[in-house]
Amino acid sequence: MVDTPGTRLSCNDFEAWVVVDGQELKQYGVECNALTRTPETSCWIPSETGKAFSIKYYRKKVDEYDYATSVYLDGHLVAMHATLIKTGSAIRTISHIRTSSTTVRNFIFGSLELTDDDTLLENPFSSGNIGEIKVVFEQVKATLSNDNTLPPTSVPKTGKVHERSKKGLAHQVKYNEPCHNEYKGRVCNFVKYEVLATLIFKYRPLAMLQATGIVPRMAVPRLHQMKANLFTHLPLWKLPINAIYLK
């Protein structure tokens, strides 16, 4: 499925996008899944080894409820943020997993680690949701906690995958070295009510997306057409002698 690419994925008045090097990644093959119990939209995005990325999101209209945003990378829950009604339309950014109140590890696209060890064929990680960034929005009732101590999040293990289980994959999410980052937010307690929207970004190398027809290849002009275009834009006195012609 090839379509005109956009950069922001929408579902049920929520919008999210993935940013690399300050640029919003183009999205291809956008699909709305009508078979799920809750609204769900998915797309494909190109990934590149060694590139850090972040997820940005917001709610396009403010309703009379708080909402929580959960981010899953390769099937692992790595962040959960609550947004109160009064700040519901503000753009939020999630770019790291918080390992303590003063340290974080940024998200990064890494190479898939393969093995031929058959004991890993039954490893859930080998057949899990590798190659997928999932953002889930839920209606909640949030209240600020009296205790602002933020519990650390465990960094998911990025184990090896059996080569027969990779299913066309080449990348997986990894986490950069810890860096200093003071937590300046507020800790919330909240009660969940219902899932409002799910946005899924399936990431693959650009060449792989082109090979499967999801992303169109760039057209390369033929040599004689390139020459014709060059001559058309040159003054007559600069044209090669064998290219001069009369009309």
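If you use the working numbering, the sequence shown corresponds to residues 2 to 248, in order.
Glycine residues also receive a C-beta, built at the ideal position from the N, C-alpha and C atoms.
Can you tell me whether residue i is buried or exposed? The criterion is at least 16 other CB atoms within 10 Å of its CB, across all chains shown.
i: residue 181; result: exposed
i: residue 222; result: Note that residue 222 scores 47 on pLDDT, short of 50, meaning its location in the model is unreliable; the coordinates nonetheless yield the value given after this. So residue 222 ends up on the exposed side.
i: residue 158; result: exposed
i: residue 38; result: exposed
i: residue 43; result: buried
Under 8 Å between the Cβ atoms of residue i and residue j?
i: residue 101; j: residue 153; result: yes
i: residue 110; j: residue 202; result: no
i: residue 32; j: residue 12; result: no
i: residue 262; j: residue 136; result: Because the chain spans 2 through 248 in this model, residue 262 falls outside it and cannot be assessed.
i: residue 58; j: residue 141; result: no
i: residue 215; j: residue 156; result: no
i: residue 83; j: residue 189; result: yes
i: residue 177; j: residue 106; result: yes
i: residue 112; j: residue 50; result: yes
For residue i, which option in the options has the closest C-alpha, if you only look at C-alpha atoms?
i: residue 75; options: 130, 21, 51, 172; result: 130
i: residue 14; options: 189, 212, 199, 38; result: 199
i: residue 144; options: 155, 85, 175, 91; result: 85
i: residue 187; options: 99, 151, 94; result: 151
i: residue 20; options: 36, 52, 44, 81; result: 52
i: residue 210; options: 50, 29, 93, 81; result: 29
i: residue 22; options: 108, 68, 139; result: 108
Taking the straight line between their C-alpha atoms, what separation do you get for residue i and residue j?
i: residue 25; j: residue 191; result: 31 Å
i: residue 179; j: residue 79; result: 15 Å
i: residue 225; j: residue 56; result: The predicted position of residue 225 is uncertain, since its pLDDT is 47 and thus under 50; a value taken from the coordinates is nonetheless stated next. Distance between the alpha carbons of residue 225 and residue 56 is about 44 Å.
i: residue 162; j: residue 132; result: 12 Å
i: residue 170; j: residue 185; result: 37 Å
i: residue 95; j: residue 218; result: 31 Å
i: residue 205; j: residue 114; result: 15 Å
i: residue 66; j: residue 91; result: 14 Å
i: residue 249; j: residue 148; result: Outside the displayed range of the chain (2 to 248) lies residue 249, so it cannot be described from this structure.
i: residue 207; j: residue 197; result: 31 Å
i: residue 104; j: residue 8; result: 30 Å
i: residue 173; j: residue 146; result: 35 Å
i: residue 175; j: residue 139; result: 26 Å
i: residue 183; j: residue 60; result: 26 Å
i: residue 77; j: residue 70; result: 14 Å
i: residue 27; j: residue 81; result: 25 Å
3-residue-minimum beta strand (DSSP E) runs that sit fully inside the region 144-195, ordered along the chain: 172-176
Contiguous beta strand (DSSP E) assignments of at least 3 residues, all confined to the region 50-115: 55-60, 67-74, 77-84, 93-95, 97-99, 104-112
Those runs of the beta strand (DSSP E) which lie wholly inside the region 21-48 and span at least 3 residues: 29-34, 41-48
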